[in-house]
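Working notes for the structure below.
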Ligand SMILES: [Fe+2]
Ligand SMILES: [Fe+2]
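Chains as they are written, first to last, in the numbering used here: chain A, 832 to 916; chain B, 1239 to 1493.
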């Protein structure tokens, strides 16, 4: 007998795998956690479009969970000090 | 003086067009060469490779790169490499090159590298064929890296990798995934051959500075780590015999 509902741990990895292989995302540095019925997505992707696509995809996969898309886009500060070696 | 700019993990997609180029405008004033340590593209399509070279069009210095795992995702790594080479980017995989800078020579030995883990917690060339394939890939890339570093007779030698050769730059990443982020075999190869610097990426959640077991500086320049368009490294002047003898790579036993 399959376990119903699907345990949260497996749901998280199913979402992560989908995001890695979806044409709109294709990123691995994305972490998915389900806590108290909410889904939290963290990590970083290179562009805003990819971050927005994560909201769309996770929303479709887990419509009953409140989504927190906390994925960041890497900041672009100055190049910083030159390191002398 | 040899000035190196280095970056990794820009993960360029078609949605990145126009986003990076403005950050490279000053690069030619700050550096003599740009090293790119893999994951140039999001999933390694030809269109993404074209977008990447288009972002680099005004860099104005030689560009030397290795591919990363993301550049292999679509199975088009040969086509991606061809697009990069057509645009003048030197792509190294088990190869070496040298760049003449103000009368001094910078040598670069490059490979993507691969995983396997670190001393005391690493995969072994044992058991199922799949396991052997995994670790033998790393072994092969590491031994080519060592040969290429040894063959460089340049003033400065840099190892350019995607995967990490040392644990120091992985702090911040979950310990469980370290075997997929790098291998001590790469560090061992660098220490046996000697080098002045190792540049890598791949560990987006890692830290910037580490060193090999033999004391050679290792720098993780993954864009999410450095949070900058690139990092700058400078080798000043010509070293005297005495200075050279004190270098970490000079005290490491050769293979
Ligand atoms: Fe990456
Ligand atoms: Fe990578």
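Glycine residues also receive a C-beta, built at the ideal position from the N, C-alpha and C atoms.
Exposure of residue 838(A), with buried meaning 16 or more beta-carbon neighbours within 10 Å:
Burial is judged here by how many other beta carbons sit within 10 angstroms of a residue's own beta carbon; residue 838(A) has fewer than 16 and is exposed.
Please confirm whether any heavy atom of ligand 1 lies closer than 7 Å to the CB of residue 862(A).
No - ligand 1 has no heavy atom lying nearer than 7 Å to the Cβ of residue 862(A).
Taking only beta-carbon atoms, is residue 1326(B) less than 8 Å away from chain A?
Residue 1326(B) has a beta carbon lying at 8 Å or more from every beta carbon in chain A.
Residues in the same chain with beta-carbon distance under 6 Å from residue 873(A), minus the five sequence neighbours each way, listed in chain order, please.
Cβ within range, chain order: 862, 901.
Backbone secondary structure at residue 862(A) - three-state DSSP:
In this structure, residue 862(A) counts as strand in the three-state DSSP scheme.
I need the residues with a C-beta less than 5 Å from some heavy atom of ligand 1; please give them in chain order.
Those residues, listed in chain order, are 1247(B), 1277(B).
Would you check if the distance between the CB atom of residue 1280(B) and the CB atom of residue 1250(B) is smaller than 8 Å?
Closer than 8 Å, so yes.
To which residues does DSSP link residue 1328(B) through a beta bridge?
As computed with DSSP, residue 1328(B) is found in a beta bridge with 1302(B).
Three or more beta-carbon pairs under 8 Å between the stretch 878-895 of chain A and the stretch 1400-1413 of chain B, yes or no?
Flag = no, the stretch 878-895 of chain A and the stretch 1400-1413 of chain B do not touch.
State the DSSP-derived secondary structure class of residue 1284(B), mapped to helix, strand or coil.
Residue 1284(B) falls in the helix class under three-state DSSP.
Span of the alpha helix (DSSP H), counted from its first residue to its last, around residue 886(A):
Per DSSP, the continuous alpha helix (DSSP H) segment holding residue 886(A) begins and ends at 879-892.
Nearest to residue 1346(B) (by Cα), restricted to the options 1257(B), 1242(B), 1320(B), 1358(B)
The shortest C-alpha separation from residue 1346(B) is found at 1242(B).
When the Cα of residue 1306(B) is compared with those of 1451(B), 1399(B), 1474(B), which residue comes out closest?
Answer by Cα proximity: 1399(B).
Is residue 1386(B) a contact residue of ligand 4, with contact defined as CB to any heavy atom under 7 Å?
With respect to ligand 4, the structure offers nothing, as its ligand set consists of ligand 1 and ligand 2.
Chain B residues whose Cβ lies nearer than 9 Å to that of residue 898(A):
Within 9 Å Cβ-Cβ: nothing; residue 898(A) doesn't reach chain B, min ~21 Å.
Taking beta-carbon pairs under 8 Å, can you tell me which members of the stretch 1435-1449 of chain B lie near chain A?
Answer in chain order: 1435, 1442, 1443.
Does the distance between the C-beta of residue 1307(B) and the nearest non-hydrogen atom of ligand 2 fall short of 7 Å?
Yes, since a heavy atom of ligand 2 falls inside the 7 Å radius drawn around the Cβ of residue 1307(B).
Does the CB of residue 1356(B) have a neighbour CB from chain A at under 8 Å?
The beta carbon of residue 1356(B) does not come within 8 Å of any beta carbon belonging to chain A, so the residue lies off that interface.
Does residue 1201(B) come out as helix, strand or coil in the three-state DSSP assignment?
Because chain B here runs from 1239 to 1493, residue 1201(B) falls outside it and cannot be looked at.
Pick out whichever of 912(A), 854(A), 864(A) has its Cα sitting closest to the Cα of residue 1252(B).
Out of 912(A), 854(A), 864(A), 854(A) has the C-alpha closest to the C-alpha of residue 1252(B).
Partner residues on chain B for residue 858(A), Cβ-Cβ distance less than 8 Å
Chain-order list of chain B residues neighbouring residue 858(A): 1249, 1280, by C-beta distance under 8 Å.
Closer than 8 Å, CB to CB, is residue 1352(B) near chain A or not?
Chain A, which has no Cβ nearer than 8 Å to the Cβ of residue 1352(B), makes this no.
Following a CB-centred definition, is residue 1211(B) positioned closer than 7 Å to any heavy atom of ligand 2?
Outside the displayed range of chain B (1239 to 1493) lies residue 1211(B), so it cannot be described from this structure.
What residue does the beta strand (DSSP E) around residue 1449(B) start on, and which one ends it?
Element bounds for residue 1449(B): 1447-1449.
What is the C-beta distance between residue 1435(B) and residue 1457(B), in whole angstroms, given that I count them as a contact (C-beta under 8 Å)?
At roughly 7 Å, the Cβ-Cβ gap stays under 8 Å, so residue 1435(B) and residue 1457(B) are in contact.
Within 9 Å of chain A by C-beta, residues of the stretch 1461-1475 of chain B in sequence order
Going along the stretch 1461-1475 of chain B in chain order, one finds 1461, 1462, 1463, 1464, 1465, 1466, 1467, 1468, 1469, 1470, 1471, 1472, 1473, 1474 with a Cβ nearer than 9 Å to chain A.
Reduced DSSP category for residue 1386(B) - H, G, I as helix; E, B as strand; rest coil
For residue 1386(B), the secondary structure class from DSSP, reduced to helix, strand or coil, is helix.
Element boundaries [alpha helix (DSSP H), containing residue 1425(B)]:
From DSSP, the alpha helix (DSSP H) with residue 1425(B) extends over 1422-1431.
Within chain A, partners of residue 1254(B) - CB distance below 7 Å:
Below the 7 Å Cβ cutoff, chain A contributes 877, 878 as neighbours of residue 1254(B), in chain order.
Would you tell me roughly how many angstroms separate the C-alpha atoms of residue 1397(B) and residue 1389(B), rounded to the nearest one?
About 12 Å.
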